[in-house]
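Notes follow once the structure below has been shown.
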Ligand SMILES: Cc1cc2nc3c(=O)[nH]c(=O)nc-3n(C[C@H](O)[C@H](O)[C@H](O)COP(=O)(O)OP(=O)(O)OC[C@H]3O[C@@H](n4cnc5c(N)ncnc54)[C@H](O)[C@@H]3O)c2cc1C
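Residue numbers (our numbering), protein chains in the order written: chain A, 212 to 609; chain B, 43 to 557.
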């Protein structure tokens, strides 16, 4: 990526879609995501939230860190990088992965797209170039940063397939979850994957820069009762918690930016032990993870339903009301579809198990007056919200 | 399936293999070269000349010699030597362990020298728990590690006493140049000691930590005086080979190992260059750790950060070697005949040493290098045809990555060196019958030492003790189960004392590695 002269005067950069977002924004409520200017809320949070859950939400995904990994050693490189067995990954498929440092602590999560025989794209939450280059020693691979070169949109929600069909994306109905395929939109090629961060039916569109705006315009030109809305980060935060997706760097410390001992986490500790396939062959962190597994689980990033409807915000978690403090809430949301308070909390285990009787203690304000509340918490393994329609192929038409 | 495979029959590989075989294990020792001994062996050159690679060494650990019955296998200790600090004007100074000899030596230096030496030996005594045993681990240490640290702390605090402990802690990270400047005035003395602190390393006397590297080099002095290493009959490599074979080690020469095979962090054996595979759950590498991890194991079989650290081990060869076959004994100005058998060191003052090192940082060969000169034929006449002599010169500040490449500069550098030597020993040029000039690149080609470094990695503080060769592979073990390290790249480092080989074998046995 070439930096413009005096680029530093511009604190945040814009993706190809920023102009469109700016013209839709009524709130001027912006955030920085990996250095890009993106909306927190474009218009109204509830509108955006319900677009995901009952209509079609469109989000700018360009700031997602993207790396193109190519070469004869690309597969071997990825196999050594991530904890998951990629044996089933083939061209046209996507896999959700995590990767760890030597100590078996999670660095980040992301998705690997196999685009060709020796051609992959890795999408990550955080900047990973240094880690990828460190990991590339001894492999025949090239690694290219594609973050800016590939403008991308997430199109998510129950009507998203119908919307994209109406926009002219032919063949989209044939994509199964975690498929990726090159299709055509607005007369130009676009790479489409059936992936997302919302737990709903949804797609991600990966454009060539010159075709990006035409793609956006084709989607927003679709007429009818599809409830299409541009979406910001705040609605995404709600739906991703409902879907039980964790956010490295927010719900737990990314290993390579953790300074204090013990503040980073193993895959098991963030509930992603199922992504570790230790039999597949060597990968970074394998021995450390296996060694940690010889001891009882120390802590678990857990999904909690917090009783009541008071906004939880920041909270400590206790074993028993007035009991021992055993953890802290990392993120919460009120779920409109479930009518429940949801939280992800980092909780110490006792002999490898979560304490049975969990309580959250938190402070909340009512008419500027502070109150302290205790609320019972129920831990669960399953995602909070997992609608049937999200997995159907072809998706139900609207 | 053998109990253990040792890769590399340098003296450390031989020691390790023999000790394992003596403990009752079946051991195969694989050596790339036709001859064993690695950087400790002699090399034939010209017509009937033979020269040592490492010309001077402290005696082998006596426990080790006894354990291996080296005397019974023909080993003869070398002849003790003193270091003669050569002066350009022929007014040389000789460093004996207890006194200085020569003209115009300041009385205060004469008095300070034994005290200085004694202090060094006291420090080494304090450090003995570190040198003579496996370095303690930084993390998860065992009771043995705790024991080592306690012994160390005890010796430093009570062995040295309060005053000397402060002095010790002050000096440890210092550069030798400042220390010498504080203690001595004679430039010949300061030059010789400064050169000793940095010999073989990419450092100058003003580099921090050179007091430590000087002490490290001197550690085996506890076992006896520096000696001219035997290259002909009675040499260490042949004796070690005989001891290995007698112990039942299957030594296979001319068998380069191409790969160490690993399955999910467990070593499974090796593949030879000709494709033959040998299986074993225990492989001990006596190679430079950079070759072991970077080439033989390969980064893909290792965790990413470890592989990266292994690649970043510092150690760039800076010494070239010149072997000369001479038709008669050279005559160094100012030396009598007997003194020609001593260790001759040309480093006329400490600033000379620092200056000669400067250019090497930028890939330039020193125009005025430090020279360490040996005439091994003074002790072993068989190294040269009758009446002839062999001279072996280590030349400092000759960087591996020479600007413009070695091929372009070698001939001219050889001439430059001959001129410099001619200045010290007039008539030398006329006496030369055979010459062989080995750059660090040649040394790498001959011995496999990565980048031609003498010690398989620089002897700096950050690569010593529990950090040698690198964090995650101290105590001779590696992240690959069953793979051990036993070369100069491991603690306590380079030189011809066999300690890494011995301590690694102990580690293999203690951890049940070869069972
Ligand atoms: C020019 C020079 C002068 C020196 N002078 C002195 C001195 O005066 N005093 C002193 O104490 N020290 C000196 N040293 C340092 C000392 O010689 C070394 O530190 C010591 O010999 C290292 O021994 P080692 O057994 O650990 O390794 P090495 O001797 O390097 O042994 C490694 C062995 O492995 C073999 N090998 C390499 N690759 C493979 C492969 N793929 N498969 C199988 N085998 C392989 C090599 O051929 C070699 O035999 C000098 C070194 C050099 C180069």
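Positions of the beta carbon are idealized from the N, C-alpha and C atoms, including for glycine.
Excluding sequence positions up to five before and after residue 292(B), its CB lies within less than 6 Å of the CB of 70, all in the same chain and listed in chain order. For the stretch 475-505 of chain A, the beta-carbon criterion of a distance under 7 Å to any beta-carbon of chain B is satisfied by 492, 493, 495, 496, 497, 498. For residue 392(B) against residue 247(B), the beta-carbon gap comes to about 5 Å, under 8 Å, which counts as contact. Rounded to whole angstroms, residue 195(B) and residue 515(A) show a C-alpha spacing of 51 Å. In the DSSP annotation of this structure, residue 520(A) is not part of any alpha helix (DSSP H), being labelled neither H nor E. Inter-segment contact for the stretch 327-344 of chain B and the stretch 443-459 of chain B is absent: fewer than three beta-carbon pairs are separated by less than 8 Å.
In the three-state reduction of the DSSP assignment, residue 134(B) falls in the coil class, being assigned neither a helical nor a strand state. Chain A has a Cβ within less than 8 Å of the Cβ of residue 348(B). In the same chain as residue 273(A), and ignoring 5 residues on each side of it, the C-beta atoms closer than 6 Å to its own belong to 226, 362, 363, in chain order.
Burial check for residue 89(B): the Cβ neighbour count within 10 Å stays below 16, so the residue is exposed.
With a cutoff of 7 Å, residue 497(B) counts as near ligand 1, since its C-beta is closer than that to a heavy atom of the ligand. Across the set 503(B), 531(B), 485(B), 510(B), the C-alpha of 485(B) shows the shortest separation from the C-alpha of residue 75(B). Per the Cβ contact rule, the stretch 253-264 of chain B is not in contact with the stretch 81-95 of chain B (fewer than 3 Cβ pairs under 8 Å). When DSSP states are grouped into helix, strand and coil, residue 469(B) belongs to the coil group. DSSP, read as helix, strand or coil, puts residue 110(B) in coil.
One finds nothing in chain A with a Cβ atom closer than 9 Å to the Cβ of residue 427(B); even the nearest lies about 49 Å away. Of the heavy atoms belonging to ligand 1, none sits nearer than 7 Å to the Cβ of residue 456(B). For residue 386(B), the number of other beta carbons within 10 angstroms of its own is at least 16, and it is reported as buried. In the displayed model, residue 433(B) falls within a strand according to three-state DSSP. Using a C-beta cut-off of 8 Å, the stretch 452-471 of chain A makes no contact with the stretch 273-280 of chain B, since fewer than three inter-stretch Cβ pairs fall below that distance.
For residue 48(B), no alpha helix (DSSP H) encloses it; the enclosing beta strand (DSSP E) starts and ends at 46-49. Within the model, the alpha-carbon separation for residue 135(B) versus residue 231(B) is close to 7 Å. Residue 461(A) and residue 186(B) have their C-alpha atoms spaced approximately 42 Å apart. Neighbours of residue 348(A) in chain B, taken as residues at a C-beta separation under 8 Å, are given in chain order as 341, 346, 349, 350, 353.
In the structure shown, the three-state DSSP call for residue 218(B) is helix. The nearest non-hydrogen atom of ligand 1 is 7 Å or more from the C-beta of residue 286(B). If you look at residue 351(B), you'll find it in the alpha helix (DSSP H) that goes 346-353. If you look at residue 185(B), you'll find it in the alpha helix (DSSP H) that goes 185-196. For the pair of segments examined, the stretch 582-592 of chain A was found to touch the stretch 560-573 of chain A: the number of CB pairs separated by less than 8 Å reaches three. Residue 521(B) belongs to the set of residues whose beta carbon lies under 8 Å from a beta carbon in chain A. Under the DSSP assignment, residue 385(B) falls in the beta strand (DSSP E) whose first and last residues are 385-388. Residues of the same chain with a CB within less than 8 Å of the CB of residue 368(B), apart from the 5 flanking positions on each side, are 426, 430, 431, 432, 433, 470, 473, 474, 475 in chain order. Taking C-beta atoms under 8 Å as the contact rule, residue 241(B) and residue 414(B) qualify, at a distance of about 7 Å. At a cut-off of 8 Å between beta carbons, residue 184(B) makes no contact with chain A. Residue 415(A) is not a Cβ neighbour of residue 378(A), given a cutoff of 8 Å. Against chain B, the CB of residue 313(A) has a partner CB under 8 Å away; the residue lies at that interface.
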